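Here's the structure, in C-alpha cells; my notes come after.
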Amino acid sequence: MIRPTSAATVVAQQLWDREQVDHASPEAVAAVVERVSGYLRIGISRWIGADGYRILMERALAEAEVNHPFLASLHSLGTHSNGTADVVRRKGAAEVEQGFVTLVGLMVDRLGRVVGDEMAGRLVEQSWSDMSRRRRDIKSEGIE
Amino acid sequence: MKVMRAKKPVARKTALTKVPIHTLSTGVPGFDEVLGGGLPELSFNLIAGGPGSGKTTLAMQILFANASVDRPGLFITLLGEPSLKMLRYQQQFDFFDLSRVGSDVHFLNLSEQVLAGDLEGVFTHIIAELDRINPGIVVIDSFRALLRTIHDENGPGLDIEHFVQRLALHLTTAEVTSFLVGEYVEQELRNPIFTVADGIVWLFQAVDRNSIVRKLQVMKMRGMPIMPGLHTVRLSKIGVQVFPRTIERTTRPLGKPGTRLSTGIAGLDAMMGGGIPAGSSMVLAGPTGTGKTTFATMFISEGIRKGETCVLAVFEEHPEEYLKRANTFGVDFTTAIKEGKLRIIYLRPLDLSVDETLEEIRETAREIKASRVVLDSTSGLEMALAPTFREDFRESLYRLVSTLTGLGVTILLTVEVVERQDGLQFTNDRVSFLTDIILVQRFVEIEGDLRKVLAVIKMRGSVHGTEFRSYEITPNGVLLRGYLRNYSGILSGEPVRQLPRQLSPSGLTEQEGMVLEVLLRSGAASVEGIEQSTGLTTVELEGILERLTSLEYVTHKGVRFEGVARPSNS
C-alpha cells in the first residue's frame, strides 16, 4: 500500500479540515473536494506550470487509485459537480475524505521530493491563502 | 509674463527639479561596483547569455535582495527551465530564503499561455499580477523563448517591438525594476528589445582546457557610470559573485608618510636606505634555491614581531609546508595565526582568476588591517591561473599591486627568474615594471665556491646601496655577509677579483674591511649599528673591532666607534 509521508498527510488533512465539511451532505462533501482540488490546481500551477501540476497529480493518482479506485472518477475535479456528489453518495463521505486526503498527500509528497518538503508545504499553503483571500474579496464585494 | 521670465531666469531654473534616480543594491558581491553604484530603480533590463552562464541565478539573487513584503519580488517563468527544476536547484543557493517564498517572493508560471501562442494572454496575465501583488521587482525568464515561440506561431509579422515597448512602459509605470532573461547571442543585438532596455548585462561562459571561465559585461546601463570590460564571475553556494576588473584605490593609506618597514634581515635595511617605505611594492627576484621564501618568511616574521598584522598568499606550497619551513628558522607562524596576527591564504590552483585572487587578498588585508602582504610566488600565481587569465596576468597583477599599495599595504612579491650565461634576467618582465623596489638575487662562483649574492637595483624615490652583497641561508634565516667590492663581472656569475681599493687596506680580512668601511662612511656607529649594517654578530664584531682598534684604524668614544682613514699599505 502506497501512502504519503506523515508530514504530507498532515498538510492534506489540514486542507480538508479547514473547509469544515458537513459530512451529512454529499453535495457539501463534493463541493469541498472540488474547491480544494480547484485551488490546488490553480495555485500550484501558478508556481510550477499547468503541465508540472498535471504530471504530479497524474502520478499521485496512479498511486492513490490502488486503494481508492473511485478517485479515478473524481479526476475531473472541479468540472463535474454532480458526478462527484454521486461518488460521495455511493462510497460514503468518510471514504471519499480518506481517498482524497491520500491523493493530495501523495501529490504534496511528490512535489516535496522535487522542491523539498518545506517549499512544497509553502506552495500548498500559498495556494490555500490565495484562494481564501479571493473568497473574502468576493464576499466583501457582495456585501457592498 | 515675457518680461518676468527674462528678468528671473535663474529663479526659474532653480525651480525645476530633476528626477533623482535612486539605485538598488543588487545583493551580488562586486556587481554594484561594476554597475557604477547599483541598479537604477525602475529600470527595464536584459540579462543575456548562453546556457549555464548564470543568468537565472543572477536574476534570482537580485530578486531576493530587493524583495520585501510591501513590494514583493515576482519571478515569472515563461519557457525554458521547468519551474519545478528551477525551484529545486535555485533553493540550494544561500540567498534563496525559503521562509520568504510566498510572502515577499512569488513565482508565476505562464508556460501554458506561451505554448498556446497567446501573446496577449501572456501580457494580460503579467499586468494582472502586477496589479495583484504590487511587486517592486520582476524577472521574466526566458523572454527569448517567448519571442521565439510567438514568432514561430504567428510568423515574423507580429509586432514584437510594440509588445516589448508596452511591457516596458507598464512595468515602469507600475514602479517596477524589471529583468528579462534570455539566451541571446551577440548577433541579435539589433533585436528591438536591446533598444528598449535601459540596461543590458551579458554573461559569458567558456571552457578553457580544464577550467570553466565565466565573465560578465555590462553593455549598457542608462544613467550609470558603469565599469567597462569583462569581469570575472564565480558561481558558488553563495550564488553569483562578480570580481570587478578595476578596483578602486583608497585615498586613505594606512601607513604614515616616511615610515619604513624593516625587512627583518640585519644589514638589508641599511642597503635600502633604512628599510622598505610603507605602502610600497617590492619584487624579490631570483633563481630557484636563492632563498626567496626565506626572505619572505623573515619579512612577515619581522612584521609580527613588531605587532603588525600580515597576510601571506601562497600559490606553490601548501600552508602546512610553509609553516614547517618557517619553524626551521625558529619562526612560529602557528601562534601568530591563532593570535590573529597572520592570515595565510592558500588559493586553489588551476582555475583561479586574478580578480578572484585580488578580492580574496584585498578583503583579508582589509579585515585584519594588514600592513604587510606577501605573494609567494607570482610565478606560482601565474601557474595557478586558468589559461585564459594568464593572458591578462600583467595587467591584473598591476591592479592587484596598485590596490594593495593604495590601501597602504607594503607588498612583497617573489618571482622566480632564470639565470643565463650572458647575464641575469633581473626580473620576470611581466612584473618588474610595476613595483617600486626590485631586489635581485643570484648565484656566483667565487674561487670555486657557489655563493648567493643580492643587490638593490631599483628603489623608486629613495636612496639605496648599489653594491652586491653575499648572503647565506642559515638555520636562523638570512645572514648577510660582505660586499663584493673587490669583484667585477658579478652579473656574469663568474666574478673576477680586482685589486683592493684604498678603503680596504691590505692585511685586513674581508669582514674587517667591511666594518672599517661602514665606520668611515657613517662617521661613527655603535656595535648595534654596525651589526645592522654588516649582518655580523656581536661576537664576531668584538674581535674585529678589537683588532681594528689595535691597528689604529678605529677609535672609540664611549659606545660609539669611529673609523680612521689611512692610505692603504698596498
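Here the protein sequences come in this chain order: C and S. Counting from 1, one number per residue, gives the positions in the first sequence under this note's numbering. Counting from 145, one number per residue, gives the positions in the second sequence under this note's numbering. Glycine is no exception: its CB is placed at the ideal position from the N, C-alpha and C atoms. Computed from a predicted model, the values in this text were never measured in an experiment.
Enclosing beta strand (DSSP E) for residue i [first to last residue]
i	result
Pro378 (chain S)	Per the sequence shown, residue 378 (chain S) should be read as Arg rather than Pro. Arg378 (chain S) -> beta strand (DSSP E) spans 375-380.
Asn189 (chain S)	188-193
Gln385 (chain S)	383-387
Arg516 (chain S)	516-520
Lys482 (chain S)	No beta strand (DSSP E) contains Lys482 (chain S), which is instead part of the alpha helix (DSSP H) from 477-482.
Phe473 (chain S)	Segment: none, Phe473 (chain S) is in no beta strand (DSSP E) and carries neither H nor E.
Asp593 (chain S)	593-603
Ala457 (chain S)	454-458
Residue of the options minimising C-alpha distance to residue i
i	options	result
Val517 (chain S)	S:Val455, S:Ile370, S:Asp342, S:Ala272	S:Val455
Lys482 (chain S)	S:Ser406, S:Ile448, S:Val607, S:Glu460	S:Ile448
Glu611 (chain S)	S:Leu624, S:Arg595, S:Arg629, S:Asp580	S:Arg629
Pro173 (chain S)	S:Thr403, S:Gly633, S:Leu598, S:Gly383	S:Gly383
Gly418 (chain S)	S:Gly609, S:Glu696, S:Leu624	S:Gly609
Ala470 (chain S)	S:Thr618, S:Gly343, S:Ala668	S:Thr618
Gly265 (chain S)	S:Ala668, S:Ile409, S:Leu311	S:Leu311
Ala546 (chain S)	S:Val584, S:Glu503, S:Val562	Here residue 546 (chain S) turns out to be Ser, not Ala, going by the sequence shown. For the residues S:Val584, S:Glu503, S:Val562, the minimum Cα distance to Ser546 (chain S) belongs to S:Glu503.
Asp17 (chain C)	C:Leu61, C:Gln126, C:Val32	C:Val32
Arg389 (chain S)	S:Ile688, S:Val178, S:Lys436	S:Val178
Asp520 (chain S)	S:Gly474, S:Gly550, S:Glu465	S:Glu465
Ile55 (chain C)	C:Leu106, C:Arg133, C:Ala24, C:Arg135	C:Leu106
Cutoff 8 Å: residue i Cβ touching any chain S Cβ
i	result
Ala7 (chain C)	no
Val114 (chain C)	yes
Ala50 (chain C)	yes
Arg161 (chain C)	Residue 161 (chain C) lies beyond the range of chain C shown here (1 to 144); nothing can be said about it.
Leu118 (chain C)	The sequence shown places Glu at residue 118 (chain C), rather than the Leu named in the question. Chain S contact via Cβ: present.
Gln20 (chain C)	no
Gln13 (chain C)	no
Trp128 (chain C)	no
Glu65 (chain C)	no
Glu58 (chain C)	no
Ser45 (chain C)	yes
Glu97 (chain C)	no
Glu125 (chain C)	yes
Range covered by the alpha helix (DSSP H) that runs through residue i
i	result
Thr682 (chain S)	682-694
Leu663 (chain S)	654-666
Leu103 (chain C)	93-115
Met230 (chain S)	227-234
Met368 (chain S)	First-last for Met368 (chain S): undefined, no H or E at that position.
C-beta atoms of residue i and residue j nearer than 8 Å
i	j	result
Leu379 (chain S)	Gly198 (chain S)	yes
Leu290 (chain S)	Ile191 (chain S)	no
Ser666 (chain S)	Thr554 (chain S)	no
Leu103 (chain C)	Leu111 (chain C)	no
Asn189 (chain S)	Ala341 (chain S)	yes
Gln655 (chain S)	Gly626 (chain S)	yes
Ala72 (chain C)	Glu65 (chain C)	yes
Val101 (chain C)	Val29 (chain C)	no
Thr438 (chain S)	Gly679 (chain S)	no
Glu446 (chain S)	Thr321 (chain S)	no
Val427 (chain S)	Leu557 (chain S)	yes
Leu583 (chain S)	Val600 (chain S)	yes
Phe239 (chain S)	Gly171 (chain S)	yes
Gly343 (chain S)	Gln585 (chain S)	no
Arg41 (chain C)	Tyr53 (chain C)	yes
Phe128 (chain S)	Phe219 (chain S)	As displayed, chain S neither begins before 145 nor continues past 714, which places residue 128 (chain S) out of reach and without an answer.
Pro463 (chain S)	Ile444 (chain S)	no
Phe537 (chain S)	Leu544 (chain S)	no
Trp128 (chain C)	Ser227 (chain S)	no
is_contact[residue i, chain C] using C-beta, thresh 8 Å
i	result
Val386 (chain S)	no
Ser227 (chain S)	yes
Ala150 (chain S)	Only weak support is given to the placement of Ala150 (chain S): the predicted model assigns it a pLDDT of 43, under 50, and the value that follows is read from those uncertain coordinates. No, because no Cβ of chain C sits closer than 8 Å to the Cβ of Ala150 (chain S).
Gly246 (chain S)	yes
Leu231 (chain S)	yes
Asn253 (chain S)	yes
Glu256 (chain S)	yes
Leu242 (chain S)	yes
Gln235 (chain S)	yes
Distance cut-off 7 Å: residue i Cβ against heavy atoms of the ligand COA
i	result
Leu628 (chain S)	Ligands displayed in this structure: none; no statement on the ligand COA is therefore possible.
Cβ distance (whole Å) where residue i is taken to contact residue j below 8 Å
i	j	result
Thr221 (chain S)	Gly49 (chain C)	7 Å
Leu491 (chain S)	Leu541 (chain S)	The Cβ separation is near 14 Å, so there is no contact.
Ile281 (chain S)	Leu207 (chain S)	6 Å
Chain-ordered neighbours of residue i on chain D, where CB pairs are closer than 8 Å
i	result
Thr221 (chain S)	Chain labels in this structure do not include chain D; the protein chains are C and S.
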